[in-house]
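J.: So the sequence lines, in the order shown, correspond to chains R and A.
Residue numbering for the first sequence follows my numbering, starting at 10 and increasing by one per position.
Residue numbering for the second sequence follows my numbering, starting at 95 and increasing by one per position.
All residues carry an ideal CB built from backbone N, CA and C; glycine is no exception.
Mind having a look at this structure? Questions to follow.
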Amino acid sequence: MTSGDFKTSYKADTAIFQTIWIKLWMAGLVVFMIFFPFWAGPYLTYVVNLAAIATIGALGLNILTGFTGQISLGHGAFIAIGAYSTAILTADAGFPFWLALPVAALITATSGLIVGVPSLRLKGLYLVMSTLAFSFIVQYVIIKWEGLTRGSTGMGVPSPKFFGHAIDNDRAFYFLIMPIVVMAMLFARNLIRTKVGRAWVAIRDRDISAEVMGVNLARYKVTSFFVSSFYAGLAGGLYAYYITDISPEHFPITLSIDYLAMIIIGGMGSILGSVFGAMFVTMLPEGIRIAADVFGTSYPVLVDRFFEVKVMAFGLAIILFLIFEPTGIYGRWIKTKIYYKSWPFTY
Amino acid sequence: MFSDQLHFLAQLVVSGITVGSVYSLIALGFVLIYKATDVLNLAIGELMMLGAYFCFNLITTYKIPYIPAFLITLVFSAILGILLERVILRPMIGEPILAIVMITIGLGTVFRSIIGMIWGPLNYVFPGPFSEEPLMLGTIAVSHVHLWAMIMAITVMIVFLAFFKFTTMGIGMRATADDQDIAFLMGISVKKVVAVSWLIATVVSSIAGIFLANINLLNLNLYFIGLKALPAAVMGGLDSIAGAMIGGVLIGVLENLAGGYLDHLFGGGVKEVAAFIILLLIMMIRPYGLFGTKEIERV
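Next up, the structure:
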């Protein structure tokens, strides 16, 4: 039994998988993930797919907000840009999906640069406002630029083809999305322990001190915007492929709030937290749907006002987490782990 | 021809000023809370909506006349404001900006769902005492609702200016806004100041909500106008009361002009985003708004 977390080298301290046990658990998880869609029905696979796509988006926002400390209310707009770029590249320009997806992500990342550069002078609440304004403008452009986006009628996205096989059911999508999610997580995790990641954390903790210590603020803030919107573009693209039909209604202003809620509920500045948060926020409505099915006869309000109940649960989750567990599910997870590790002693 | 154009312009400007004065009221709500507590209250749109629905219910269900219903709503929102501050916001003192922004968003979400549960997604016509006939100022038509909204906004602002200038509480609030610690040391009850700012902000937003429901329809999209007042507050500088007033009117006029002259170029709806585009442009030139104090940071 381990009595503490002792490291003898920096290499061990920055390793991604710190102990042999974590490696074993990870291997078990990979095996479980490969067999998961075969015993889970299409519905469960569908929910997990949505959560996985949301995970990519949440990772992106966590890089910008959780690690670099730049609060953005415009993440939903980047997701929309990614989704529409993918749709236009695939449907109109005829790109294959393995080309359309990265190109769309790059387009989104470039739009992130466009927002990032003027935001260099803005801080805190003023940045919140300018990103909110940006997402209103993006929504307006999507609705009004009918020649490109088909306006409010929306546009269809052809299913991706992989060696001649169309990926058009939940299980096939699961095997398309999961490797991308795993790569996205590994990339983010690796990025955080490099020079770039440490610069971001320094900016988050105190931007002036970071600048004094020689961190190029402008460069790293813009990099953060770039990487974050690249992730958003990937998530948007996968989302467009998955739901096959996108319209401005899929990307409301509140989408950015959903993503902020994910990283707050999951845990700010944590890769694993993004996963927890994305799962929680995606599965919350499904959980309420199950509750509505079970308790619907005795509490008809759950069925009649399903939408409002859903919205209220979401709002309450944000408030309760912020007041009682500001470190999110990840923080709770760490506390639980430490509790079991050090039991019966409290320290 | 020339006079026609001039007339069109004057009409746009006048109606912009009247709507803008309501934006100023909402912006005042943002600025008051921000100055006293450093909280950006993104739930103001929903608080506005709650006041409007509450007043509407008093008038239609309980058959209370307009003016008493209006006053009862103000009392209700005053109580709500104090409760919110005490139960939700006070535990959040000292938390990072993101947490505070998100908790007000969460509050707004909960309020919106409560309103949706009680009143549903219907459009209601607010039974106001205002006559439908527009008032003619020369050749420019102004509706009674708009005019009353403007008069109300100006009255509220004059009352607040006097309050901040002449009452002990008002001076205490300004002192707290300036420096919380020093105000505390001078014997000002900072807790009371914060509670009063929330009270004032919810009351003011209720007033704005009722007038906006009179101008437009009463439905679940009313909170969006609260978001449109945000550019007004930010544009004027988040910590400047005069800035909020000027910003509100400016946004009202500019978005009306954009709607009037640019709508046919972009296929309509320019009015909805004009405020945000203006906001972005101003942020690029003056990152702390037109009248906001530049924060000088020391490590």
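Where are the alpha helix (DSSP H) runs, 4 residues long or more, that stay fully inside the region 301 to 346 of chain R, in chain order?
T.: 310 to 313 and 315 to 333
J.: Alpha carbon to alpha carbon, what distance is there between Val236/R and Ser115/A?
T.: What you label residue 115/A is simply residue 21 of the second sequence in a count that begins at 1. What you label residue 236/R is simply residue 227 of the first sequence in a count that begins at 1. Their Cα atoms are separated by approximately 42 Å.
J.: Can you confirm whether the region 171 to 181 of chain R touches the region 42 to 53 of chain R when touching is taken to mean that 3 or more C-beta pairs between the two stretches lie within less than 8 Å?
T.: Counting Cβ pairs under 8 Å, three or more are found: they touch.
J.: As a quick exercise: from Ile297/R, Pro188/R and Ala301/R, pick the residue whose alpha carbon is nearest that of Ile43/R.
T.: Position 34 of the first sequence, counted from the start, is the residue given in the question as residue 43/R. Residue Pro188/R is the option with its Cα nearest to Ile43/R.
J.: Please work out which residues of its chain come closer than 6 Å, Cβ to Cβ, to Gly69/R, disregarding the five sequence neighbours upstream and downstream, and give them in chain order.
T.: In the first sequence, the residue the question calls residue 69/R occupies position 60. Scanning its chain for C-beta atoms nearer than 6 Å, with the 5 sequence neighbours on each side dropped, one finds around Gly69/R the residues Ser237, Tyr240 and Ala241, in chain order.
J.: Do you know whose CA, among Leu348/A, Ala326/A, Gly346/A and Leu316/A, lies nearest Ala338/A's CA?
T.: Sequence index remark: in the second sequence, residue 338/A carries index 244 (1-based). Per the Cα distances, Ala326/A.
J.: Consult DSSP for Asp132/A and reduce its assignment to one of helix, strand or coil.
T.: Here residue 132/A refers to the residue found at position 38 when the second sequence is read from its first residue. Note: Asp132/A maps to coil in three-state DSSP.
J.: What first and last residue would you give for the alpha helix (DSSP H) that runs through Met251/A?
T.: Against the second sequence, residue 251/A aligns to sequence position 157. His238 to Phe260 is the span of the alpha helix (DSSP H), which, as asked, contains Met251/A.
J.: Which residue or residues does DSSP assign as beta-bridge partners of Met164/R?
T.: Walking along the first sequence from the start, residue 164/R turns up at place 155. DSSP output for Met164/R lists Ile255/R as bridge partner(s).
J.: Under the DSSP definition of a beta bridge, which residues are partnered with Ala234/A?
T.: Residue 234/A sits at position 140 when you count from the first residue of the second sequence. It should be noted that the sequence gives Ile, not Ala, for residue 234/A. Answer by DSSP bridge pairing, in chain order: Leu231/A.
J.: Return the CA-CA distance between Thr117/R and Ser94/R, expressed in angstroms with no decimal places.
T.: One-based indexing of the first sequence puts residue 117/R at position 108. One-based indexing of the first sequence puts residue 94/R at position 85. Cα to Cα, the separation comes out at about 8 Å.
J.: Name, going along the chain, the residues of the region 319 to 344 of chain R whose beta-carbon falls closer than 7 Å to a beta-carbon of chain A.
T.: Val320, Met321, Phe323, Gly324, Leu325, Ile327, Ile328, Leu331, Ile332 and Pro335
J.: Does the region 301 to 317 of chain A come into contact with the region 282 to 289 of chain A, if we say contact requires no fewer than three beta-carbon pairs (one atom in each stretch) closer than 8 Å?
T.: no
J.: Between which residues of its own chain and Phe234/R is the CB-CB distance below 6 Å, once the five residues before and five after are set aside?
T.: Numbered from 1 along the first sequence, position 225 holds the residue referred to as residue 234/R. Correct list, in chain order: Gly121 and Gly125.
J.: Give the DSSP-derived three-state secondary structure of Leu312/A in the structure shown.
T.: If you number the second sequence from 1, residue 312/A lands on position 218. In the structure shown, Leu312/A sits in a strand (DSSP, three-state: E or B).
J.: Based on Cα-Cα distance, which residue from Glu334/R, Ile328/R, Lys132/R and Ile62/R lies nearest to Met194/R?
T.: Stepping through the first sequence from its first residue, residue 194/R is reached at position 185. Here the closest residue by C-alpha is Ile62/R.
J.: Using only the alpha-carbon positions, how far apart do Leu329/R and Phe172/R sit?
T.: Position 320 of the first sequence, counted from the first residue, corresponds to residue 329/R. Position 163 of the first sequence, counted from the first residue, corresponds to residue 172/R. Approximately 48 Å between the Cα atoms of the pair.
J.: Taking the straight line between their C-alpha atoms, what separation do you get for Leu192/A and Glu227/A?
T.: Sequence index remark: in the second sequence, residue 192/A carries index 98 (1-based). Sequence index remark: in the second sequence, residue 227/A carries index 133 (1-based). Those two C-alpha atoms are separated by around 47 Å.
J.: Given 8 Å as the limit, is there contact between the region 190 to 205 of chain A and the region 266 to 284 of chain R, that is, 3 or more CB pairs closer than that?
T.: yes
J.: What's the C-alpha gap between Glu155/R and Val253/A?
T.: Position 146 of the first sequence, counting from 1, holds the residue named residue 155/R. Position 159 of the second sequence, counting from 1, holds the residue named residue 253/A. Each residue's alpha carbon lies about 48 Å from the other.
J.: Please list, in chain order, the residues of the region 353 to 371 of chain A that have any C-beta partner in chain R closer than 9 Å.
T.: Result list: Phe360, Gly361, Gly362, Gly363, Val364, Glu366, Val367, Ala369, Phe370 and Ile371.
J.: Using beta carbons (cut-off 7 Å, strictly below), is Tyr149/R in contact with chain A?
T.: Translated into the one-based positions of the first sequence, residue 149/R becomes position 140. Yes - at least one Cβ of chain A is within 7 Å of the one on Tyr149/R.
J.: Count the C-beta pairs between the region 353 to 373 of chain A and the region 154 to 161 of chain A that are closer than 8 Å, then say yes if the count reaches three, no if not.
T.: no
J.: Would you list, in chain order, the members of the region 311 to 340 of chain A that have their beta-carbon closer than 8 Å to a beta-carbon of chain R?
T.: Leu321, Leu324, Pro325, Val328 and Leu332
J.: Which chain R residues are close to Ala193/A, counting only those with a beta carbon under 8 Å from its beta carbon?
T.: Residue 193/A sits at position 99 when you count from the first residue of the second sequence. Correct list: Ile273, Leu331 and Pro335.
J.: Using a Cβ-Cβ cut-off of 7 Å, state whether Pro185/A counts as contacting chain R.
T.: Here residue 185/A refers to the residue found at position 91 when the second sequence is read from its first residue. Taking Cβ atoms only, chain R reaches closer than 7 Å to Pro185/A, which makes this a yes.
J.: So is Asp254/R buried or exposed if we call it buried at 16+ other beta carbons inside 10 Å?
T.: Within the first sequence, the letter at position 245 stands for residue 254/R. With fewer than 16 Cβ atoms within 10 Å of its Cβ, Asp254/R is classed as exposed.
J.: In whole angstroms, what is the alpha-carbon distance linking Ile297/R and Ala244/R?
T.: Here residue 297/R corresponds to residue number 288 of the first sequence, with the count starting at 1. Here residue 244/R corresponds to residue number 235 of the first sequence, with the count starting at 1. Roughly 25 Å separates the two Cα atoms.
J.: Just curious, the alpha helix (DSSP H) that Tyr149/R is in, first and last residue?
T.: The count along the first sequence starts at 1 and reaches residue 149/R at position 140. Looking at the DSSP string, the run of the alpha helix (DSSP H) that includes Tyr149/R is Gly133 to Lys153.
J.: Along the region 106 to 129 of chain A, what residues have a CB closer than 7 Å to any CB found in chain R?
T.: Going along the region 106 to 129 of chain A in chain order, one finds no residue with a Cβ nearer than 7 Å to chain R.
J.: I'd like to check one pair, Leu229/A with Ala137/A: are the Cβ atoms closer than 7 Å?
T.: Position 43 of the second sequence, counted from the start, is the residue given in the question as residue 137/A. Position 135 of the second sequence, counted from the start, is the residue given in the question as residue 229/A. Not in contact: Ala137/A and Leu229/A (Cβ atoms no closer than 7 Å).
J.: Rounded to the nearest angstrom, what separates Lys322/A and Phe385/A at their Cα positions?
T.: What you label residue 322/A is simply residue 228 of the second sequence in a count that begins at 1. What you label residue 385/A is simply residue 291 of the second sequence in a count that begins at 1. Approximately 19 Å, taken between the alpha carbons.
J.: What separation, rounded to the nearest whole angstrom, lies between the Cα atoms of Tyr147/A and Val219/A?
T.: To locate residue 147/A, count along the second sequence from 1; it is residue 53. To locate residue 219/A, count along the second sequence from 1; it is residue 125. Each residue's alpha carbon lies about 11 Å from the other.
J.: On the DSSP letters alone, give me the boundaries of the alpha helix (DSSP H) that Tyr160/A sits inside.
T.: Position 66 of the second sequence, counted from the start, is the residue given in the question as residue 160/A. First-last of the alpha helix (DSSP H) with Tyr160/A: Tyr160 to Leu178.
J.: Using a beta-carbon distance cut-off of less than 9 Å, what residues from the region 151 to 165 of chain A approach chain R?
T.: none
J.: Just to confirm my understanding: we take Asn217/A, look at its own chain, exclude 5 residues before and 5 after, and list those with CB closer than 8 Å. What are they?
T.: On the second sequence, residue 217/A is found 123 positions in, with the first residue counted as 1. Excluding sequence neighbours, Asn217/A sits near Leu311, Leu312 and Asn313.
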